[in-house]
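To keep things clear, I will list the structure first and then write my remarks on it.
Number of protein chains: 2
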Amino acid sequence: MRIAVLGTGVVGQTLAARFDQLGHDVTLGTRSPAETLARTQPDSMGNPGIGMWAEAHEHVRVVTFQEAAAAAELVVNATNGEASLAVLADAGADSLSGKVVLDVANPLDFSRGFPPSLSVANTDSLGEQVQRAFPDARVVKSLNTMTAHVMAHPEQVAGGDHSVFVSGDDPDAKRTVTGLLTEMGHTDVIDLGDLSTARGTEMYLPLWLRLLGAVGTPMFNVKVVR
Amino acid sequence: MRIAVLGTGVVGQTLAARFDQLGHDVTLGTRSPAETLARTQPDSMGNPGIGMWAEAHEHVRVVTFQEAAAAAELVVNATNGEASLAVLADAGADSLSGKVVLDVANPLDFSRGFPPSLSVANTDSLGEQVQRAFPDARVVKSLNTMTAHVMAHPEQVAGGDHSVFVSGDDPDAKRTVTGLLTEMGHTDVIDLGDLSTARGTEMYLPLWLRLLGAVGTPMFNVKVVR
Chain P
1 MRIAVLGTGV VGQTLAARFD QLGHDVTLGT RSPAETLART QPDSMGNPGI
51 GMWAEAHEHV RVVTFQEAAA AAELVVNATN GEASLAVLAD AGADSLSGKV
101 VLDVANPLDF SRGFPPSLSV ANTDSLGEQV QRAFPDARVV KSLNTMTAHV
151 MAHPEQVAGG DHSVFVSGDD PDAKRTVTGL LTEMGHTDVI DLGDLSTARG
201 TEMYLPLWLR LLGAVGTPMF NVKVVR
Chain S
1001 MRIAVLGTGV VGQTLAARFD QLGHDVTLGT RSPAETLART QPDSMGNPGI
1051 GMWAEAHEHV RVVTFQEAAA AAELVVNATN GEASLAVLAD AGADSLSGKV
1101 VLDVANPLDF SRGFPPSLSV ANTDSLGEQV QRAFPDARVV KSLNTMTAHV
1151 MAHPEQVAGG DHSVFVSGDD PDAKRTVTGL LTEMGHTDVI DLGDLSTARG
1201 TEMYLPLWLR LLGAVGTPMF NVKVVR
């Protein structure tokens, strides 16, 4: 499948590498490819610059948001939640029309420090905002309830025995995303229903952030037991 | 332990019966004991009236909120979240002073239908509201992330292999609640930290409500896997 991953942070890098490893045709979308590729120094956390990452993942082409989305069958919103609507507007409504848009972002507002609050919650969600802004896209919210490495390598937590959720209004789009999740190693994909159920998974983030503190590692997830 | 359960709904009944079964000295607090005991007809859901329940649980005394709280060592807020502050005010600040207050309520607002929204979220929680209103109480938020029957009989879901959270500012009060949870059969009690972490567990409710729809039974919970 031709997959465009929008966003060059840890989530975008991790998902793009995994989709590439699975044999998909992957592009990484960014505002300015030249500036992105010039970032070869480690960041403040010691992570290699995205330019180094790109050298190590030669099959993944780093292109503009618009180029990435236009050529893709499935577009992943892996941007910062606060920037998502602007980035998708940059990619362009025409490039997103008819496409499956897998939204993995969370609308976390860190402006008042830790813990962040949600900039949209309760009676709306980022997933629904994206769908309203791009009515011809087929938005599916998923993977936003775990850290990037668990998204991409679920088997590394409890052997993969945990749950991931999908929310969306288009059954075909949810099937496509569910197939991709299964390829990645997710074994318990729970369809929560229409896109308004994304309010539930986005509002789980404040609990996730506190669990991060209590558990002491981001390598955890929840399993729904019945 | 002398435990006062405030609230005569399904949550209050279920917890009171369980604490009684475990050998605690339990009272059930209500606004008007006489009116409560007169309710012997099944409700609209077919559940027996609380008067019938009281006859079947003769060790549990049905008394006023104030009487229940005043005599207790531990007070459980099992009221509707929208009514909790008023009920606790009725019980009286003096009756709650120094007591462990186990808050199991959620601030769900059903005024706009299903799914309910949260009447307080994001930068505050019902647990914190209770603590601010009764600064001499020692509030612990717990059990609010599952249905009443799972709170009381955790072994009936996946043999008890799932998680429950505690949030609170008083370490001794959290130890007391953790002991009670363990007696009830909870095996994975996760201390999330201070009472502000109750925002996380309360904001999990919108996801819980959607899982209820997806799973098709309230007899589920989440297990945090590492």
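Those protein sequence lines, which keep their order, are chains P and S. Under my numbering, the first residue of the first sequence carries the number 1, and numbering increases by one thereafter. Under my numbering, the first residue of the second sequence carries the number 1001, and numbering increases by one thereafter. Glycine included, every Cβ here is placed at the ideal spot set by N, Cα and C.
Contact under 8 Å by Cβ, Gln66 of chain P with Asp90 of chain P
On the first sequence, position 66 is the one that residue 66 of chain P refers to. On the first sequence, position 90 is the one that residue 90 of chain P refers to. Yes, the pair counts as a contact, with Cβ atoms nearer than the cut-off.
Would DSSP call Val60 of chain P helix, strand or coil?
Walking along the first sequence from the start, residue 60 of chain P turns up at place 60. Coil, per DSSP.
Need the endpoints of the beta strand (DSSP E) that Ser1167 of chain S sits in, please.
Your numbering for residue 1167 of chain S matches position 167 in the second sequence. It spans Ser1163 to Gly1168 - the beta strand (DSSP E) in which Ser1167 of chain S sits, taken as one unbroken run.
Spatial distance of Ile1003 of chain S from Pro218 of chain P (CA atoms):
For the purposes of this step, residue 1003 of chain S is taken as residue 3 along the second sequence, with counting starting at 1. For the purposes of this step, residue 218 of chain P is taken as residue 218 along the first sequence, with counting starting at 1. Straight-line measurement puts the Cα of Pro218 of chain P at about 37 Å from the Cα of Ile1003 of chain S.
Within the continuous alpha helix (DSSP H) that includes Leu212 of chain P, where are the two ends?
Along the first sequence, read from residue 1 onward, the residue named residue 212 of chain P stands at position 212. Its alpha helix (DSSP H) spans residues Leu205 to Val215.
Spell out a yes or no on whether the stretch 5-21 of chain P and the stretch 77-85 of chain P are touching, meaning 3 or more CB-CB pairs, one atom from each, closer than 8 Å.
The stretch 5-21 of chain P makes contact with the stretch 77-85 of chain P: 3 or more CB pairs, one atom from each, lie closer than 8 Å.
Mark Arg132 of chain P as exposed unless 16 or more other C-beta atoms lie within 10 angstroms of its C-beta, in which case mark it buried.
Here residue 132 of chain P is taken as the residue at index 132 of the first sequence, counted from 1. Residue burial annotation: Arg132 of chain P is exposed, with fewer than 16 other C-beta atoms found within 10 angstroms of its C-beta.
Among the candidates S:Ala1121, S:Leu1118, S:Phe1134 and S:Leu1108, whose CA atom is the shortest distance from the CA of Ser1097 of chain S?
Numbered from 1 along the second sequence, position 97 holds the residue referred to as residue 1097 of chain S. For Ser1097 of chain S, the nearest C-alpha among the options comes from S:Phe1134.
Using beta carbons (cut-off 8 Å, strictly below), is Ala1105 of chain S in contact with chain P?
Here residue 1105 of chain S corresponds to residue number 105 of the second sequence, with the count starting at 1. No, because no Cβ of chain P sits closer than 8 Å to the Cβ of Ala1105 of chain S.
C-alpha gap between Val62 of chain P and Ala72 of chain P, whole angstroms
Walking along the first sequence from the start, residue 62 of chain P turns up at place 62. Walking along the first sequence from the start, residue 72 of chain P turns up at place 72. Cα-Cα distance, rounded: 13 Å.
Tell me whether Val225 of chain P counts as near the ligand HEM, meaning its Cβ is closer than 7 Å to at least one heavy atom of that ligand.
Among the components modelled here there is no ligand, and therefore nothing to report on the ligand HEM.
Which partner residues of Ser142 of chain P appear in the DSSP bridge assignment?
Taking the first residue of the first sequence as position 1, residue 142 of chain P is located at position 142. As a beta-bridge residue in DSSP terms, Ser142 of chain P pairs with P:Val166.
Whether Gly1168 of chain S touches Gly213 of chain P by CB criterion (8 Å)
Translated into the one-based positions of the second sequence, residue 1168 of chain S becomes position 168. Translated into the one-based positions of the first sequence, residue 213 of chain P becomes position 213. No, these two residues do not count as a Cβ contact at 8 Å.
Leaving aside the five residues before and after Leu1074 of chain S along the sequence, list all residues of the same chain whose C-beta is less than 7 Å from its C-beta, in chain order.
In the second sequence, counting from the first residue as 1, residue 1074 of chain S sits at position 74. If we look at Leu1074 of chain S and ignore the five residues flanking it on each side, its Cβ neighbours are Met1001, Ile1003, Lys1099, Val1100, Leu1102 and Thr1176.
Integer-rounded CB distance, given that Val1060 of chain S should sit under 8 Å from Ala1148 of chain S
Locating residue 1148 of chain S in the second sequence gives position 148, where the first residue counts as 1. Locating residue 1060 of chain S in the second sequence gives position 60, where the first residue counts as 1. 15 Å between Cβ atoms; not a contact.
What's the gap between the Cα of Val189 of chain P and the Cα of Pro154 of chain P?
By 1-based counting over the first sequence, the position of residue 189 of chain P is 189. By 1-based counting over the first sequence, the position of residue 154 of chain P is 154. Looking at the two C-alpha atoms, the distance is approximately 12 Å.
Tell me whether Leu1022 of chain S sits in a helix, a strand or coil according to DSSP, three-state version.
Here residue 1022 of chain S refers to the residue found at position 22 when the second sequence is read from its first residue. In the structure shown, Leu1022 of chain S sits in coil (DSSP, three-state: anything other than H, G, I, E or B).
Does Lys1223 of chain S get closer than 8 Å to chain P when you measure Cβ to Cβ?
Residue 1223 of chain S sits at position 223 when you count from the first residue of the second sequence. By this cut-off, Lys1223 of chain S is an interface position.
Suppose you measure from the CA of Ala1078 of chain S to the CA of Ser196 of chain P; what does that come to, to the nearest Å?
Residue numbering aside, residue 1078 of chain S sits at position 78 when the second sequence is read from its first letter. Residue numbering aside, residue 196 of chain P sits at position 196 when the first sequence is read from its first letter. If you take the alpha carbons of Ala1078 of chain S and Ser196 of chain P, they lie about 29 Å apart.
6 Å Cβ shell around Ala1173 of chain S - same chain, five flanking residues per side excluded:
As a working mapping, residue 1173 of chain S is identified with position 173 in the second sequence. Around Ala1173 of chain S: Val1100, Arg1138 and Val1140.
Is it buried or exposed for Gln1041 of chain S, if we count other Cβ within 10 angstroms and need 16 for buried?
Here residue 1041 of chain S refers to the residue found at position 41 when the second sequence is read from its first residue. If you draw a 10 Å sphere on the C-beta of Gln1041 of chain S, you find fewer than 16 other C-beta atoms in it, and that means exposed.
State the Cα-Cα distance for the pair Arg39 of chain P and Ala68 of chain P, rounded to the nearest angstrom.
For the purposes of this step, residue 39 of chain P is taken as residue 39 along the first sequence, with counting starting at 1. For the purposes of this step, residue 68 of chain P is taken as residue 68 along the first sequence, with counting starting at 1. Within the model, the alpha-carbon separation for Arg39 of chain P versus Ala68 of chain P is close to 20 Å.
From what residue to what residue does the alpha helix (DSSP H) around Gly179 of chain P run?
Taking the first sequence and counting its residues from 1, the one referred to as residue 179 of chain P is at position 179. Counting along the chain, the unbroken alpha helix (DSSP H) around Gly179 of chain P starts and ends at Pro171 to Met184.
Mind pulling the chain S residues with CB within less than 8 Å of Met219 of chain P?
Counting from one through the first sequence, the residue named residue 219 of chain P turns up at place 219. Residues of chain S passing the Cβ test: Arg1226.
Flag this pair as touching only if the stretch 1051-1059 of chain S and the stretch 1011-1023 of chain S have three or more C-beta atom pairs under 8 Å; answer yes or no.
By the Cβ criterion, the stretch 1051-1059 of chain S is in contact with the stretch 1011-1023 of chain S, since at least three pairs of Cβ atoms, one from each stretch, lie closer than 8 Å.
Got a sec, what are the start and stop residues for the beta strand (DSSP E) Arg2 of chain P sits in?
Counting from one through the first sequence, the residue named residue 2 of chain P turns up at place 2. From DSSP, the beta strand (DSSP E) with Arg2 of chain P extends over Arg2 to Leu6.
Taking the alpha carbon of Gly51 of chain P as the reference point, which residue from P:Pro33, P:Thr64 and P:Met45 has its own alpha carbon closest?
Reading the first sequence from its first residue, position 51 is the one you call residue 51 of chain P. Nearest C-alpha to Gly51 of chain P: P:Pro33.
By DSSP's criteria, Ile190 of chain P is part of a beta bridge. Which residues make up the other side?
Counting from one through the first sequence, the residue named residue 190 of chain P turns up at place 190. The partner list for Ile190 of chain P (beta bridge, DSSP) reads P:Phe165.
Going by other Cβ atoms of all chains shown within 10 Å of its Cβ, with 16 needed for buried, is Pro1115 of chain S buried or exposed?
Translated into positions along the second sequence, residue 1115 of chain S becomes position 115. A buried status is given to Pro1115 of chain S, since no fewer than 16 other beta-carbon atoms sit within 10 Å of its beta-carbon.
Between the stretch 1177-1184 of chain S and the stretch 1111-1127 of chain S, do three or more beta carbon pairs fall short of 8 Å?
A contact between stretches requires three or more CB pairs, one per stretch, nearer than 8 Å, and the stretch 1177-1184 of chain S fails this requirement with the stretch 1111-1127 of chain S.
What separation, rounded to the nearest whole angstrom, lies between the Cα atoms of Gln13 of chain P and Ser1119 of chain S?
Here residue 13 of chain P is taken as the residue at index 13 of the first sequence, counted from 1. Here residue 1119 of chain S is taken as the residue at index 119 of the second sequence, counted from 1. Roughly 38 Å separates the two Cα atoms.
Members of the stretch 174-191 of chain P that neighbour chain S once the beta carbon cut-off is set at 8 Å:
Within the stretch 174-191 of chain P, Ile190 and Asp191 place their CB atoms closer than 8 Å to a CB of chain S, listed in sequence order.
At the level of alpha carbons, what is the spacing between Asp25 of chain P and Ser1044 of chain S?
Against the first sequence, residue 25 of chain P aligns to sequence position 25. Against the second sequence, residue 1044 of chain S aligns to sequence position 44. The alpha-carbon of Asp25 of chain P is positioned some 57 Å away from that of Ser1044 of chain S.
So which residues of chain S does Val157 of chain P contact, with C-beta pairs closer than 8 Å?
Here the question's residue 157 of chain P lines up with position 157 in the first sequence. The contact set of Val157 of chain P on chain S, defined by CB atoms closer than 8 Å, consists of Val1225 and Arg1226 in chain order.
When the Cα of Met1151 of chain S is compared with those of S:Gly1049, S:Ala1093, S:Arg1031 and S:Thr1187, which residue comes out closest?
For the purposes of this step, residue 1151 of chain S is identified with residue 151 of the second sequence, where counting begins at 1. Checking every option, the nearest Cα to that of Met1151 of chain S belongs to S:Thr1187.
Report all residues from its chain with a CB closer than 7 Å to the CB of Met1146 of chain S; omit the five preceding and five following residues, and keep chain order.
On the second sequence, residue 1146 of chain S is found 146 positions in, with the first residue counted as 1. Answer for Met1146 of chain S: Asn1221, listed in chain order.
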